[in-house]
Ligand code: ADP
Ligand code: ADP
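Residue numbers (our numbering): 218 to 443.
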């Protein structure tokens, strides 16, 4: 079943700069699709159009069959993880994870259930009362993932989530994110400029250059026909 569908999507800045040029892609449920390519090729812009943080200049975008072009970010069934985790420094881990749900007026019992479950999944149970400054880089990144998980959204979007971590931690967190995806099976788009990261994590890769899709395929396809 198709979860995300970008149909002839364009992003044109200032009436002339084509940042995303005729982007066509259908993403099935449970896929972990990686957008990869050099800086400036249009990965983030595409992801931000999916999130609704950027308008679509031309073309159509659907989630689970529903036309989304005019739908506000908060009304899209999406959770996003950013490069700089943007945790609230004055809040504990539990409060950081619960915050978005409180704004959504979800009941306290349900918030507690989701936060405890996410903490268990991410190995954060013993850190729930700490503030971000008392956590390591990897733990902070897990809290950022936790904030996305608790939304129980249909779609995860991750924009270079590991690029602030050192090399060793990055490799470890790659494996953790793959495991998380295997467990939750949430449709995911993951953006990175790192080819190794893309090849190790993706079920399917979208290779971009200058706003255009150069190649779409499994890691094996891309490895055989680079
Ligand atoms: P990537 O994520 O692959 O590094 P981006 O999607 O950020 O690439 O950028 C794609 C192109 O769009 C780049 O040429 C960039 O300069 C341009 N761009 C991105 N955001 C804006 C903006 N707000 N205004 C004008 N041009 C932009
Ligand atoms: P709501 O989604 O009900 O508006 P939030 O405070 O969680 O409540 O969201 C405020 C804005 O920030 C919305 O546009 C929401 O989509 C976005 N937002 C906040 N946290 C996340 C997240 N983890 N993933 C995706 N979007 C988020």
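The C-beta atom is built at its ideal place from N, Cα and C for all residues, glycine as well. Since this is a predicted model, take the numbers as computed values, not measurements.
Q. With distances taken from each beta carbon to the nearest heavy atom of ligand 1, which residues come in below 5 Å, in chain order?
A. 230, 236, 256, 257, 258, 259, 260, 261, 262
Q | Every unbroken alpha helix (DSSP H) inside the segment 302-384 [4 residues or more] | A | 310-320, 325-339, 354-366
Q) What residues in its chain sit with their C-beta under 7 Å from that of residue 365, if we drop five residues either side in the sequence? A) Looking up residue 365 in the chain shown gives position 148. Closer than 7 Å at the Cβ level, and outside the excluded window around residue 365, lie 296, 297, 298, 373.
Q) Is residue 443 closer than 7 Å to residue 419 when the C-beta atoms are compared? A) Counting from one through the chain shown, the residue named residue 419 turns up at place 202. Counting from one through the chain shown, the residue named residue 443 turns up at place 226. No, the pair does not count as a contact, with Cβ atoms beyond the cut-off.
Q: Compare the beta carbon distance of residue 252 and residue 423 with 7 Å and say whether it is the shorter of the two.
A: The count along the chain shown starts at 1 and reaches residue 252 at position 35. The count along the chain shown starts at 1 and reaches residue 423 at position 206. A contact, by the Cβ cut-off of 7 Å.
Q: Give the straight-line distance between the Cα atoms of residue 286 and residue 229, rounded to the nearest whole angstrom.
A: Residue 286 sits at position 69 when you count from the first residue of the chain shown. Residue 229 sits at position 12 when you count from the first residue of the chain shown. Cα-Cα distance, rounded: 15 Å.
Q) What is the rounded straight-line gap between the Cα of residue 258 and the Cα of residue 289? A) One-based indexing of the chain shown puts residue 258 at position 41. One-based indexing of the chain shown puts residue 289 at position 72. In a straight line, the C-alpha of residue 258 is about 25 Å away from that of residue 289.
Q) Would you say residue 248 touches ligand 4, meaning its beta carbon is less than 6 Å from a heavy atom? A) This structure lacks ligand 4; its bound ligands are ligand 1 and ligand 2.
Q: Counting only the same chain and skipping the five closest in sequence on each side, list residues whose C-beta sits under 8 Å from that of residue 301.
A: For the purposes of this step, residue 301 is taken as the residue at position 84 of the chain shown. Only residues of its own chain outside the window of five on either side were considered, and among them 381 have a CB closer than 8 Å to the CB of residue 301, listed in chain order.
Q: Leaving out five residues on either side along the sequence, give the residues of the same chain with a beta carbon under 7 Å from the beta carbon of residue 428.
A: Here residue 428 refers to the residue found at position 211 of the chain shown. Around residue 428: 235, 236, 237, 238, 258, 259.
Q. Which one or two residues does DSSP pair with residue 242 in a beta bridge?
A. Counting from 1 along the chain shown, the entry for residue 242 is found at position 25. In the DSSP output, where bridge partners are listed per residue, residue 242 has 223.
Q: Determine the direct distance from the alpha carbon of residue 335 to that of residue 342, and round the result to whole angstroms.
A: To locate residue 342, count along the chain shown from 1; it is residue 125. To locate residue 335, count along the chain shown from 1; it is residue 118. Rounded to whole angstroms, residue 342 to residue 335 spans 9 Å at the Cα level.
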